[in-house]
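Chemist:
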Amino acid sequence: MDQVQYWDVFPKTIKVSKSLLGTVVSLSVRGLPRGTVQFQSADEIVATVDVNGLVTLGLNVGSTVIVAYDSEDRTIARYVIAEVVAAASEIAVS
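Residue 284 in the numbering used here sits at position 10 of the sequence shown, with consecutive numbering throughout.
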């Protein structure tokens with residue numbers, strides 16, 4: 275019987291203000307992925323991620339998904355929601 279290998283990536287959500295330009299958050303992989311975890315941002319205008327799982331946010335307002343794949347074949351993935359919100363001085367109230 276094959277051993278079940280569970281893994282995940284944390285945190286699951288990241289939310290920062292645009293006023294915190296260049297905020298960096300490190301993603302943590304826990305468990306046993308099949309290979310070297312590969313990271314990808316669905317929208318690099320909002321957040322970028324490097325090969326080590328360092329997410330840089332605050333570039334533009336919006337939200338994106340950071341995808342962590344468990345190996346080069348990219349068949350199994352985990353997801354992190356990254357959101358950049360407008361700074362308080364930029365919010366209009368009517």
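Beta carbons are placed, not taken as given, at the ideal position from N, Cα and C, and that holds for glycine. Source: prediction; values computed, not measured.
Per DSSP, which residues does Thr297 bridge with? Please list them.
Modeler: Note: Thr297 sits in a beta bridge opposite Leu331.
Chemist: Let me make sure I understand the geometry here. Which of Val320, Tyr280, Gly309 and Ser315 has the alpha-carbon closest to that of Leu294?
Modeler: When only C-alpha atoms are compared, the closest one is Val320.
Chemist: According to DSSP, simplified to helix, strand and coil, what is Ile350?
Modeler: Of the three classes helix, strand and coil, the one that applies to Ile350 here is coil, per DSSP.
Chemist: Between the Cα of Thr310 and the Cα atoms of Ile355, Asp347, Pro285 and Thr330, which residue gives the shortest distance?
Modeler: Closest option to Thr310, Cα to Cα, is Asp347.
Chemist: With DSSP as the reference, identify every bridge partner of Tyr343, one or two as the case may be.
Modeler: In the DSSP output, where bridge partners are listed per residue, Tyr343 has Gln312 and Ala351.
Chemist: Output yes or no for whether 8 Å exceeds the beta carbon distance between Thr330 and Val298.
Modeler: In this structure, Val298 lies closer than 8 Å to Thr330 by Cβ.
Chemist: Thinking C-beta only, is Leu306 closer than 8 Å to Trp281?
Modeler: Yes, the Cβ-Cβ distance between Trp281 and Leu306 is below 8 Å.
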